[in-house]
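Participant: Shown below is the structure under consideration.
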Amino acid sequence: MHENNITLLCNEAERLLQLNISLLQKMVDEPNFLVESKQNSNEQLFNKSKALKRIEELQGERTKIIRKEMVLAVVGTMKAGKSTTINAIVGKEILPNRNRPMTSIPTLIRHVPGKHTPDLQLNNIDPIHQLLSALKKKITTDEGKKRVLELDKDQEKSKLLRIAMDDNWLKNSYAGEAEIFTCLASLNDLVRLATALNVEFPFEAYEEVHELPVIEVEFSHLTGMDDSHGTLTLLDTPGPNEAGQPQLQAMMRDQLQKASAVLAVLDYTQLNSEADQQVRAELNDIANVAAGRLFVLVNKFDQQDRNSDNAETVKQSVPAMLKHDVLNSERVYPVSSRHAYLANRARSVISQAGTLSGQEDWVKDFAKLAFGLSWEEEDLTSLDDVRRNADKIWRRSLFDKLITEVIQAAHTKAAALAVDSAAAKLVQNAENANEYLSVRHQGLLTSIQALQNQINGLLSDIDNIATCQKEVDAEVKRAMKGITRETDALLEQAEKTLSKDLNEYFKNGKRQEKEAFGIDQPKESTSLTIFGTFFKTLTGTTQPRERDFDPNNPEMKFSARSDAERFIQQIEDSVTSLLAETEEKIKPTLTEIVVGIEKSFHGNAIKAVEKIAHQINTRLEDDGFAVNIRFPKVSQLQTNLSIRTRMASLLEEKTFSETRRRRTSGVWGTVCGWFKTDDWGWEDYSVDVTRSVVDIRKIKTAVKKQTKEHFAELNETIEASINQPILVEIESFFGAFKSKVEQLRNTLIQSTEDHKNCQNEQEQLTLRLSELKKLTPEMIRDGKALKEELEPML
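In structure tokens form, the structure reads like this:
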């Protein structure tokens, strides 16, 4: 039944797509119907460029519907491991790994059941041949010769010249991993060479899906799954920072817009680092295009240690990096793509070939993980051991959750997701076309005087919007000053309280040194749990207790480094819990501050804007447009107050001369030993010993320094997560509002131009507008109905 339903919905989606494409094509072909787009001025509600772009998008959706194909675009921030992630999903090393960005042209990787040897099809190689010819000509020019000399100075860059001189590598199809590597690496080098020689690469020739390179191979995780519901295709997409090419960035946005869903790959080691701001910016670039269709994979999670964020913290912090509430924490997957790839490939090769060859590089990498650095060839002979270790590495990679919830689910729902992607675009396109056709049609039925009145009225509305924006800006700036005053006072008080608590803690520690040494000292019962005694200290409990350290003798010495590390860990746990407690006290007050400014904005700005919108809608007797201002959610306020303070680095190794006692040698010592004397028959001696030393003074200084840094970071977080997003949203809101009104005005100005035509031409245009406008209500209604019928299947 489900299969029949999805087939019917696919057929309906294909019908509606064809109707929308046909409508747009008629609008493009009709003379004097759509004007050419004009940059930055006189833009109308619809134009020829927009229509052609929509046709291209809808044709891409139609192709996906016919194939029942769900396209998952994979895009990575800098050095995040995007190629390794794709290899892990596929189960084969089909994409080469290099230290520099590798994706020059978006590449499709399509799951084809039973296809164990991958192949690559280049469906459009003529532009590449033409580029090679252009490069050869450029090299012979004076400018080209100078650039070649510059390239020759760099051994790596000089190799690029071979790509242009020998084009034997370029063909329509490539079979196997080695040939695919050669092709993709050569294409990437060709982009770099074209840039170096100042020759334009033909990116525009690869804007449509059917022109992209395609790799076909069976995805190991989808082996044996039912393909009747559709198929899954990955789209390897250039990242926001890929090769520094503006054309690639435009291509990325275009391809992400067309994809059914997007998987963004981040580098775990770059979060909360100096590169965090760049990662944050790149992720927001991706989210701006892929809102509602976004999943995030946080790669290299195998590098987590006790001082770094755990999986749950990562799942909460990544959504907070985005400006708007567009990502749920359940769509964030901390994983190790490299471990997953090696484990999955090992299992796949064993099941197919029954053996692993220690001569292959990837097998060596796997063996180091599975058996340690001292692995030997014979470790690979026991397939049970290999399989067991591969399963263990796979589990610890945490990749299984991504495979189950994203990859396999996407494959199972491929047809439904393809229809859903198409339905959203169908409704949007039909509504935009209907709006434009209605305004143009109404314009022809309205007198020139009435049109001029409306045009002048809209001009006045634009001025009113600008005035309203100035008032809101002034109000927001006043509110921002209030936020600054309140948060400064709040943070100052919190910092004083925390400083007092820390001073109290370092003033009252528990002595553990005696027990750690245990040399000729009476055993005493001490509690190793710091939380109970620590918080008793803070609450003023005066019950006698041992301290972690003697503040009058702050240099602690431990014979075993592990004891010193454990001691530091206990202090660190206590300080961290204090920081976390302080953070929790701060957040409710910050929440109230943000809610206050939000209410203020909604109370004044929205009322003023709604009044302007109402005037426009009433005057034009047309449907209004929704006003939607989004504020940054308070849940996005994430601070690093409660992160580990990394005190272990303060542990030192020192050598001391230590005086000890022992029985004297000889008869006298022996006799005294018989009588177990405490004073006779003993002697002192010196020995050099190495101790692990913890200086409490240094720890106290480090903690206070880091606490100050945390509060400075919190101030920056408030600025980045509250103040700036509010300002950006207000600017964006008024910009969009003003642009919409200007487009309405320009479309009405076009109507005054229509009135200058002869009577017959006006009648013909009115008739064509009326005929096309009649098509849109049914298209909107059917598109919405399609989405509703589809919802239970998603």
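Under our numbering, the residues of the sequence shown are numbered 1011 to 1804, in order.
Glycine included, each C-beta is placed from N, C-alpha and C at the ideal position.
Residues in its own chain within less than 8 Å of Asn1733 by CB, not counting five upstream and five downstream?
Facilitator: So the qualifying residues of the chain are Met1490 and Ile1493.
Participant: How about Thr1241 and Ala1083: do their beta carbons lie closer than 8 Å?
Facilitator: No, the pair does not count as a contact, with Cβ atoms beyond the cut-off.
Participant: Just grab the DSSP bridge partners of Phe1568 for me.
Facilitator: Ser1702, per the DSSP bridge assignment.
Participant: Just mark Arg1405 as buried or exposed, buried being the case when its beta carbon has 16 or more other beta carbons within 10 Å.
Facilitator: Under this definition Arg1405 is an exposed residue.
Participant: By the DSSP assignment, the beta strand (DSSP E) with Arg1120 in it spans what residues?
Facilitator: Note, Arg1120: beta strand (DSSP E), Thr1117 to His1121.
Participant: Measure how close the beta-carbons of Glu1187 and Pro1128 come, nearest whole angstrom, since I'm counting them as under 8 Å.
Facilitator: With a Cβ gap of about 7 Å, Glu1187 and Pro1128 count as contacting.
Participant: Please state if the CB of Thr1243 and the CB of Glu1079 are separated by a distance shorter than 8 Å.
Facilitator: It is a contact, given that the beta carbons lie within the stated cut-off.
Participant: Rank Val1306, Arg1791 and Lys1567 by C-alpha distance to the C-alpha of Pro1329 and give the top, closest one.
Facilitator: Comparing Cα-Cα distances from Pro1329 to each of Val1306, Arg1791 and Lys1567, the minimum goes to Val1306.
Participant: With DSSP as the reference, label Asn1563 as helix, strand or coil.
Facilitator: Reduced to three states, the DSSP call for Asn1563 is coil.
Participant: For the structure I just gave you, are there three or more beta carbon pairs, one from the stretch 1034-1049 and one from the stretch 1777-1785, closer than 8 Å?
Facilitator: Output reads yes: the stretch 1777-1785 touches the stretch 1034-1049.
Participant: State the Cα-Cα distance for the pair Pro1223 and Asn1317, rounded to the nearest angstrom.
Facilitator: Answer to the nearest angstrom: the Cα atoms are 43 Å apart.
Participant: Extract the residue ranges of the alpha helix (DSSP H) inside the stretch 1453-1523, only unbroken runs of 4 or more that lie entirely within it.
Facilitator: Runs found: 1458-1517.
Participant: Could you pull the DSSP bridge partners for Ser1131 from this structure?
Facilitator: According to the sequence provided, residue 1131 is Gln. The question's Ser does not apply to it. Bridge partners of Gln1131: Ser1183 and Val1224.
Participant: How long is the line joining the alpha carbons of Gln1579 and Ile1709, rounded to whole angstroms?
Facilitator: Taking the straight line joining both Cα atoms gives about 12 Å.
Participant: In angstroms with no decimal places, state the Cα-to-Cα distance between Glu1046 and Lys1155.
Facilitator: In a straight line, the C-alpha of Glu1046 is about 41 Å away from that of Lys1155.
Participant: I'd like the list of long-range same chain contacts for Trp1385, defined as Cβ closer than 7 Å, with 5 residues on each side in sequence excluded.
Facilitator: Within the same chain, Trp1385 has close Cβ partners Ala1377 and Lys1378.
Participant: Residues in the same chain with beta-carbon distance under 6 Å from Asn1474, minus the five sequence neighbours each way, listed in chain order, please.
Facilitator: Ile1622.
Participant: When the Cβ atoms of the stretch 1394-1403 are set against those of the stretch 1339-1357, are three or more pairs found closer than 8 Å?
Facilitator: Yes, the stretch 1394-1403 touches the stretch 1339-1357.
Participant: Put Tyr1351 into one of helix, strand or coil per three-state DSSP.
Facilitator: Note: Tyr1351 maps to helix in three-state DSSP.
Participant: Flag this pair as yes or no: are the beta carbons of Gln1265 and Pro1137 separated by less than 8 Å?
Facilitator: No, Cβ-Cβ distance for Gln1265 and Pro1137 is not below 8 Å.
Participant: Could you tell me if Ile1458 is buried or exposed, where buried requires 16 or more neighbouring beta carbons within 10 angstroms of its beta carbon?
Facilitator: The residue is exposed, with fewer than 16 neighbouring Cβ atoms inside 10 Å.
Participant: Can you give me the C-alpha to C-alpha distance between Pro1344 and Lys1146, rounded to a whole angstrom?
Facilitator: The alpha-carbon atoms of Pro1344 and Lys1146 are separated by roughly 47 Å.
Participant: Taking Leu1337 as the reference, which of Asn1298, Arg1672 and Leu1161 has the closest Cα?
Facilitator: When only C-alpha atoms are compared, the closest one is Asn1298.
Participant: Measure the Cβ-Cβ separation of Cys1020 and Ala1269 and say whether it is below 8 Å.
Facilitator: Contact flag unset, no.
Participant: Just to confirm my understanding: we take Thr1786, look at its own chain, exclude 5 residues before and 5 after, and list those with CB closer than 6 Å. What are they?
Facilitator: Here the set comprises Ala1440, Ala1443 and Asn1444.
Participant: CA-CA distance, Ala1260 and Glu1582?
Facilitator: Distance between the alpha carbons of Ala1260 and Glu1582: 47 Å.
Participant: Under 8 Å by Cβ, that's how I've got Ile1296 and Val1324 pegged, so tell me the actual separation to the nearest angstrom.
Facilitator: No, Ile1296 and Val1324 are not in contact; Cβ-Cβ is about 17 Å, not under 8 Å.
Participant: Specify the secondary structure class of Thr1243 as computed by DSSP and reduced to three states.
Facilitator: Correct three-state label for Thr1243: strand.
Participant: So the candidates are Ile1099, Arg1290, Arg1303 and Thr1233; which of them puts its Cα closest to the Cα of Gln1267?
Facilitator: Among Ile1099, Arg1290, Arg1303 and Thr1233, the Cα nearest to that of Gln1267 is on Arg1303.
Participant: Less than 8 Å between the CB atoms is what I'm expecting for Ala1204 and Leu1141, so what's the real figure, rounded?
Facilitator: Going by Cβ atoms, the distance from Ala1204 to Leu1141 rounds to 7 Å, so yes, they are a contact pair.
Participant: Let's see if you can read the secondary structure: which residues bound the alpha helix (DSSP H) around Gly1683?
Facilitator: Taken as a continuous stretch (DSSP letters only), the alpha helix (DSSP H) holding Gly1683 covers Val1677 to Trp1684.
Participant: Using a Cβ-Cβ cutoff of less than 7 Å, which residues in the same chain neighbour Thr1094 once the five nearest sequence positions on both sides are dropped?
Facilitator: Same-chain partners within the cutoff: Asn1107, Ser1347, Arg1348 and Tyr1351.
Participant: Going along the chain, which residues of its own chain have a beta-carbon closer than 8 Å to the beta-carbon of Leu1461, five neighbours each way excluded?
Facilitator: Excluding sequence neighbours, Leu1461 sits near Gly1453, Leu1758, Ser1761, Thr1762 and His1765.
Participant: Three-state secondary structure (DSSP) at Pro1248?
Facilitator: Reduced to three states, the DSSP call for Pro1248 is coil.
Participant: Check whether the Cβ atoms of Met1803 and Asn1030 sit closer than 8 Å, and answer yes or no.
Facilitator: Cβ distance not < 8 Å, so Met1803 and Asn1030 don't count as in contact.
Participant: Taking Cβ positions, are Ile1472 and Lys1750 nearer each other than 8 Å?
Facilitator: Cβ distance not < 8 Å, so Ile1472 and Lys1750 don't count as in contact.
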